[in-house]
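There are 2 protein chains.
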Amino acid sequence: MYDIGIIGGGPAALSAAVSARQRNKSVCIFGRSLDSSLLFAAEKVDNYLGLPDLSGEELLNQFYAHARKQGVEFVESRIKQIMPMGEYFVINADNNFVQAKTLILATGINKSRGIAGETEYLGKGVSYCATCDGMLYRGKNVVVVGENAEGEAEANFLADVCARVTYLPLYQPVMYLKENIHLKEGKPQAVLGENGRVSALEVGGEAIPCDGIFFAKNSTAPESLLFGLETDGKNIVVDRAMKTNLPGVFAAGDCTGAPYQIAKAVGEGLVAALSAAAYLDEGNRK
Amino acid sequence: MYDIGIIGGGPAALSAAVSARQRNKSVCIFGRSLDSSLLFAAEKVDNYLGLPDLSGEELLNQFYAHARKQGVEFVESRIKQIMPMGEYFVINADNNFVQAKTLILATGINKSRGIAGETEYLGKGVSYCATCDGMLYRGKNVVVVGENAEGEAEANFLADVCARVTYLPLYQPVMYLKENIHLKEGKPQAVLGENGRVSALEVGGEAIPCDGIFFAKNSTAPESLLFGLETDGKNIVVDRAMKTNLPGVFAAGDCTGAPYQIAKAVGEGLVAALSAAAYLDEGNRK
C-alpha cells in the first residue's frame, strides 16, 4: 500500500512526487508514457523560472530524472477506475489493482468529452471496466465502445458472459474479435435510459437497445474515474490547499483549470503533496 | 509608467516578472538586495522540480539571470508606501516615486510585527513616510522609531518642521541627529490614542505624548504599505487567480501563506502575472 498514489505523468505529478518523497512518503505515479504529455511537443519553454530556453522534451527529461533520483516509483498505465474503500483507495491500472492511502489527481487538461447521458448513468449501466463490472451483465445485452484496441479485450471477455455483445470501434484497424460479437460502425451520440437505468445507446440516429455500455477510453474524465468528485465544467474543484471535495483526494495542475503552465502545475503539485502528507500524518496521530 | 510593479525580490517576484515579460508587459521589480531573501541562506534545496541539489544562493542566481535576460528592470529599494491613484499606483521606493498600472505583492513572509495600535492608527497619526506626511505635523510633537539609520534622515527632516521630535533608535550606533532632537532609549510597546487619533507612544511603561509617530522599518507589513488591503492574520487574502480584494492588486508567494516553498511561490508568481496581464488587457479594451 502506497502512502500517495499520483494519477498523471506531467509536471504537476512529478513535482508532487518529489515533494512527497521529501516528506518520506511512499509514492507511485500512474502515468502514460513521457511523450503523451502535451509538454513533450512544446518547441521552446521560456517561463519556467531558472530553466530558460529548453524544449518541452528536455524539460520533461530533467523533471523525470529528478523524480527518479528521489525514489519515486512509476507504473506506466491507463487508469480505468478508482474505488474509495473508506481508509484507502484501490486504483485499477490496466486491471492491475494497487492500493494507496491518498490520491493526487494530476490528469492534465480534461480532453475526454463524455457523450450525453454518460456521467448521468455512470454506475447505472455505464462502466469503464469490464473486469470490474462484467459479471453484473451476465446473460444481458451490452455495447462496448472502444477508442483503442483495448476495447477488443473488454468485448472478448464480455462475449463469454453476456447474451449479446455489440462492438463499436472508434479506431482502425480492428485486430481480433470473437465470432459472436456484433460489429457496428458509427459514432456514439447519447446514452439513453429508462427508469433510472441504461436502456440503449444512440448511434447515428439509431437506438441500440442494451442493459450496459462499456467505454474503453484513451483518457477518462476525472469525475468518471472517481465517483462523486466535484467538478466545475472541465475542472476539478479545489481549495488553496489543493483539496478536492473528497477526503484524502487532492488535485494539481491543468486538471484544476487554467492557466495551463508548467510553473502553476509544479507549484500546485508541491502544495497537493504537502497537504496529502499532512492528511496522512493527521490520520496516524489518531 | 510601468504596466506592472512588483514588490519583493524572491522567487515569486522573479517568476511573475518573467511571465509578465512573455505577455509583453513592462515590468519593474522593487526589491531588496539578493542576499536579503530568506532563500539566499538555504544550504540545499531539493524539491524545486528540474533543479535538484542546488544551494539557495545558486538557485537565486539562476532565477535572477533568467529575469534579467527577459528584460526585467530592477530598482533596489525599500518600499515605504503605495498610494492608489484610481487608474494607477504610486510606489514610494526610498522617496523615489514610480508609477505602475498594476501591482504584484511578493513581499515574502510578513516578519514585520506591528505594535499594539499601530495598524489601528495608521493615517490617524501613524505614518511610515516623513516625506509624505511630515507637513501635516508642522508645529506639533512627533516620535520617530528607527529600525535602521534611515530613521535619522526622517527625524532630521521632521526637526525642521515639528515643534518637538523624539528619536527612538532600535539599532546601534546612531550616526547623526540634529541638536534639537530628543534621543530616547527603549522598545516601543503600544500606540496610544484619544478621540480616534494618536495621543502617545508607550515606551518601557512610560507614555511619551505626541501627535504623530513615524516608523522607519526594515520591512513593512503589506497591509500597512497599502491601505485597505485585506489580510488574514499575517497573510494577504487572495483567490485562485491571485487577486487581492483591491482592483489591480495581485499577490504571490510566502506573503499569501504557507507552504513557504519555492515551487509554490514560482507557480503563484506566474498566475499573478497572467491575471495582471489579463486585467491590463481588459482595461485597454474599454
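Heads up: the protein sequence lines correspond to chains F and D, in order.
Residue numbering for the first sequence follows my numbering, starting at 12 and increasing by one per position.
Residue numbering for the second sequence follows my numbering, starting at 12 and increasing by one per position.
Here a beta-carbon is modelled for each residue, glycine too, at the ideal position from N, C-alpha and C.
Chain A residues whose Cβ lies nearer than 7 Å to that of residue i
{"i": "S26 (chain D)", "result": "You won't find chain A in this structure, because its protein chains are F and D."}
Residue burial classification, residue i (beta-carbon count within 10 angstroms, cutoff 16)
{"i": "P233 (chain D)", "result": "buried"}
{"i": "K112 (chain D)", "result": "buried"}
{"i": "K198 (chain F)", "result": "exposed"}
{"i": "K80 (chain D)", "result": "exposed"}
{"i": "S30 (chain F)", "result": "buried"}
{"i": "Q272 (chain D)", "result": "buried"}
{"i": "N58 (chain F)", "result": "buried"}
{"i": "E129 (chain D)", "result": "buried"}
{"i": "G215 (chain D)", "result": "exposed"}
{"i": "L116 (chain D)", "result": "buried"}
{"i": "A28 (chain D)", "result": "buried"}
{"i": "G294 (chain F)", "result": "exposed"}
{"i": "D64 (chain D)", "result": "exposed"}
{"i": "D46 (chain F)", "result": "exposed"}
{"i": "R149 (chain F)", "result": "exposed"}
{"i": "K55 (chain F)", "result": "exposed"}
{"i": "D243 (chain D)", "result": "exposed"}
{"i": "S44 (chain F)", "result": "exposed"}
{"i": "Y187 (chain F)", "result": "exposed"}
{"i": "G82 (chain D)", "result": "exposed"}
{"i": "M96 (chain D)", "result": "exposed"}
Beta-bridge pairing of residue i - partner residues as DSSP gives them
{"i": "A201 (chain D)", "result": "D:A127, D:E213"}
{"i": "N103 (chain F)", "result": "F:Q92, F:F108"}
{"i": "V260 (chain D)", "result": "D:L114"}
{"i": "Y13 (chain F)", "result": "F:A111"}
{"i": "G20 (chain D)", "result": "DSSP output for G20 (chain D) lists no bridge partner at all."}
{"i": "N246 (chain D)", "result": "D:D243"}
{"i": "Y182 (chain D)", "result": "DSSP, once it has assigned bridges, lists no residue as partnering Y182 (chain D)."}
{"i": "C39 (chain D)", "result": "D:G16, D:E84"}
{"i": "F226 (chain F)", "result": "F:V156"}
{"i": "A218 (chain D)", "result": "D:E213"}
{"i": "K189 (chain D)", "result": "According to DSSP, which records beta bridges pairwise, K189 (chain D) is partnered with nothing at all."}
{"i": "L194 (chain F)", "result": "F:Y178"}
{"i": "L133 (chain D)", "result": "D:V137"}
{"i": "R208 (chain D)", "result": "D:E205"}
{"i": "V56 (chain D)", "result": "D:L65"}
{"i": "K254 (chain D)", "result": "D:F261"}
Identity of the residue in the options nearest residue i by Cα
{"i": "E98 (chain F)", "options": "F:D243, F:P258, F:V137", "result": "F:P258"}
{"i": "I40 (chain D)", "options": "D:G16, D:L62, D:S47", "result": "D:G16"}
{"i": "N106 (chain D)", "options": "D:Y13, D:P270, D:I115, D:I93", "result": "D:I93"}
{"i": "L114 (chain D)", "options": "D:E68, D:L194, D:A53, D:S37", "result": "D:S37"}
{"i": "L181 (chain D)", "options": "D:Q200, D:N72, D:N159, D:V172", "result": "D:N159"}
{"i": "G223 (chain F)", "options": "F:A52, F:G61, F:G136, F:I126", "result": "F:G136"}
{"i": "G42 (chain D)", "options": "D:N58, D:L25, D:E161, D:R32", "result": "D:L25"}
{"i": "N72 (chain F)", "options": "F:F51, F:G162, F:Q272, F:Y132", "result": "F:F51"}
{"i": "Y139 (chain F)", "options": "F:A117, F:I102, F:K151", "result": "F:I102"}
{"i": "F108 (chain F)", "options": "F:T142, F:E131, F:A127, F:M253", "result": "F:T142"}
{"i": "G125 (chain D)", "options": "D:V202, D:M12, D:G19", "result": "D:V202"}
{"i": "V282 (chain F)", "options": "F:G294, F:R251, F:T267", "result": "F:R251"}
{"i": "V153 (chain D)", "options": "D:Q110, D:L212, D:T267", "result": "D:L212"}
{"i": "A276 (chain D)", "options": "D:V185, D:L194, D:A23, D:V214", "result": "D:A23"}
{"i": "S235 (chain D)", "options": "D:G67, D:Y132, D:N35", "result": "D:Y132"}
{"i": "I18 (chain F)", "options": "F:S48, F:L60, F:A164, F:G207", "result": "F:S48"}
{"i": "L60 (chain D)", "options": "F:F74, F:L65, F:P63", "result": "F:F74"}
{"i": "G207 (chain F)", "options": "F:G134, F:E68, F:G162", "result": "F:G134"}
{"i": "G157 (chain F)", "options": "F:V172, F:A263, F:E190, F:E196", "result": "F:E196"}
{"i": "N229 (chain D)", "options": "D:R34, D:G162, D:L147", "result": "D:G162"}
{"i": "A218 (chain F)", "options": "F:T177, F:G264, F:E68", "result": "F:T177"}
Q.
Count Cβ pairs between the region 158-178 of chain F and the region 236-251 of chain F that sit closer than 8 Å; are there 3 or more?
A. no
Q) Within the chosen definition, does the region 86-95 of chain F reach the region 75-93 of chain D through at least 3 CB pairs nearer than 8 Å? A) no
Q. Can you give, in chain order, each stretch of the alpha helix (DSSP H) that sits fully within the region 58-83 of chain F and has at least 4 residues?
A. 67-80
Q: Indicate whether the contact test is met: 3 or more Cβ pairs, each with one atom in the region 286-293 of chain F and one in the region 250-257 of chain D, closer than 8 Å.
A: no
Q. Are at least three pairs of beta-carbons, each pair with one atom in the region 110-122 of chain D and one in the region 242-249 of chain D, less than 8 Å apart?
A. yes
Q) Could you give the uninterrupted runs of the beta strand (DSSP E) lying entirely in the region 143-176 of chain D, keeping only those of 3 residues or more? A) 152-157
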